[in-house]
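Right, one structure below, let's go through it.
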Amino acid sequence: MSLTQQNPKTAGRFIVFEGGDGAGKSTQAALLCEALRKNGHQVLQTREPGGTEIGEKLRSLVLDHGQGTVDARTEALMYAAARAAHVEQVIRPALDGGTMVICDRFVDSSLAYQGVGRALGEDAVRSINEFATGGLRPDLTVLLDVTPIAGRSRRTVGADGASVAEDRLESEPDEFHSRIRDAFLHFAKREPARYLVLDASQSIEELARAIASALGPLLVPVTETP
Ligand SMILES: Nc1ncnc2c1ncn2[C@@H]1O[C@H](COP(=O)(O)OP(=O)(O)OP(=O)(O)O)[C@@H](O)[C@H]1O
Ligand SMILES: [Mg+2]
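Per the working numbering, the sequence shown runs over residues 153 to 378.
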């Protein structure tokens with residue numbers, strides 16, 4: 153992974169967290185945002201497929217149980233539609249204004265879940281997403297690699313120890329989640345310069361430290377840079 157330092161006052165960077173359900177993406181995204189803000193950066197924390205009014209509606213249509221049959225192509229197009237709104241209305245304007253954008257899931261999740269998991273094919277899903285995003289790519293993707301069993305046990309036990317219901321994709325069997333995991337690892341292997349791959353079984357603090365050290369130059373306080 154490599155991330156060269158531009159002028160942090162003006163360069164909006166696009167950092168994406170990817171990985172299986174329950175890997176710790178939201179936890180680490182929030183910690184990174186906090187660290188960046190402490191260092192004087194303007195930061196936007198957002199998530200896929202939400203972030204806009206229409207995106208949030210699409211998110212609940214695609215993830216909630218009880219919407220009738222959502223076939224694989226419909227699912228892929230709904231995610232791409234939500235992503236188009238997210239990029240156009242939220243992500244690009246923030247990057248253009250010099251804001252660091254930290255996003256929970258992006259195109260790789262569609263390539264993994266719909267392309268590989270739902271077997272629509274990576275190329276087909278990539279092409280609708282190229283159209284949706286206008287070709288926007290993350291500067292860095294942090295891949296939190298989690299086993300299906302560890303991911304499931306983390307996401308189904310709430311902070312108070314009570315069990316938490318799973319959404320449509322989460323409730324797929326371990327075999328599905330195992331293919332998703334392999335797909336993410338394959339994407340990272342193909343483009344190592346754009347990925348930081350971390351074993352998600354580490355503690356929250358260990359992972360946060362590894363992410364902070366990989367992003368070292370960006371965590372230098374803005375006021376101390378020329
Ligand atoms: N490194 C970790 N070790 C142990 N527990 C963790 C770790 N990271 C996160 N958790 C816990 O696991 C649960 C899932 O974490 P989190 O919501 O951050 O994962 P996620 O990848 O965003 O999940 P989802 O895909 O469902 O959105 C939370 O209860 C969180 O506190
Ligand atoms: Mg999350």
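Each residue gets a CB set at the ideal place from its N, CA and C atoms; glycine is no exception.
What I want to know is whether the C-beta of residue i ends up closer than 7 Å to one or more non-hydrogen atoms of ligand 1.
{"i": "Asp173", "result": "yes"}
{"i": "Ser355", "result": "yes"}
{"i": "Leu359", "result": "yes"}
{"i": "Gly331", "result": "Note that residue 331 is Arg in the sequence shown, not Gly. Because no heavy atom of ligand 1 lies under 7 Å away, the Cβ of Arg331 does not count as near it: no."}
{"i": "Ala144", "result": "Residue 144 cannot be examined here, being either before or after the span of the chain that is shown, 153 to 378."}
{"i": "Arg306", "result": "yes"}
If you measure between the beta carbons of residue i and residue j, is that distance less than 8 Å?
{"i": "Ala181", "j": "Val298", "result": "no"}
{"i": "Leu272", "j": "Phe336", "result": "no"}
{"i": "Ile301", "j": "Asp275", "result": "no"}
{"i": "Ala234", "j": "Gly207", "result": "yes"}
{"i": "Ala224", "j": "Arg270", "result": "yes"}
{"i": "Phe166", "j": "Pro245", "result": "no"}
{"i": "Asn281", "j": "Ala232", "result": "yes"}
{"i": "Leu348", "j": "Leu292", "result": "yes"}
{"i": "Asp248", "j": "Asp319", "result": "no"}
{"i": "Phe328", "j": "Asp260", "result": "no"}
{"i": "Gly250", "j": "Gly303", "result": "no"}
Leaving out five residues before and five after residue i in sequence, what residues of the same chain have Cβ atoms less than 7 Å from its Cβ?
{"i": "Asp351", "result": "Asp297"}
{"i": "Cys185", "result": "Val195, Gln197, Ile254"}
{"i": "Met143", "result": "The structure shown does not extend to residue 143, since the chain is modelled only from 153 to 378, so the question has no answer here."}
{"i": "Ala360", "result": "Gln180, Leu183"}
{"i": "Arg331", "result": "Val268, Gly269"}
{"i": "Arg306", "result": "Gly174"}
{"i": "Thr162", "result": "Note that Thr162 scores a pLDDT of 47, beneath 50, so its modelled location is shaky; the value from the coordinates is reported in the next line. The answer, listed in chain order, is Gly250."}
Starting from the C-beta of residue i, find all residues in its chain whose C-beta is less than 6 Å away, skip the five residues before and the five after it, and write them out in chain order.
{"i": "Val277", "result": "Ala228, Ser262, Leu263, Gln266, Gly267"}
{"i": "Arg333", "result": "Gly172"}
{"i": "Asp256", "result": "Phe169, Lys177, Ser178, Ala181, Arg199"}
{"i": "Gln219", "result": "Leu213"}
Comparing the CB of residue i with every heavy atom of ligand 2, is any distance shorter than 7 Å?
{"i": "Arg177", "result": "Residue identity check: residue 177 is Lys in the sequence provided, not Arg. Yes, ligand 2 has a heavy atom inside 7 Å of this Cβ."}
{"i": "Asp216", "result": "no"}
{"i": "Asp256", "result": "yes"}
Tell me which same chain residues have a C-beta within less than 8 Å of the C-beta of residue i, skipping the five on either side of it?
{"i": "Thr226", "result": "none"}
{"i": "Ser212", "result": "none"}
{"i": "Glu324", "result": "Gly269"}
{"i": "Leu371", "result": "Ala187, Leu188, Asn191, Ala364"}
Comparing the C-beta of residue i with each C-beta of chain D, is any distance below 8 Å?
{"i": "Glu186", "result": "Protein chain content of the structure displayed is limited to a single chain, and chain D is not contained in it."}
Give the C-beta separation of residue i and residue j to the nearest angstrom, bearing in mind that I take them to be a contact with Cβ-Cβ under 8 Å.
{"i": "Gly286", "j": "Val239", "result": "7 Å"}
{"i": "Ala284", "j": "Ala236", "result": "4 Å"}
Checklist entry - Taking only runs of the beta strand (DSSP E) that begin and end inside the stretch 212–268, which ones reach a length of at least 3 residues, in chain order? => result The stretch 212–268 contains these whole beta strand (DSSP E) runs: 252–256.
Item to check | Continuous beta strand (DSSP E) assignments of at least 3 residues falling wholly in the stretch 176–200 | outcome: Counting only runs of 3 or more, we get 195–199.
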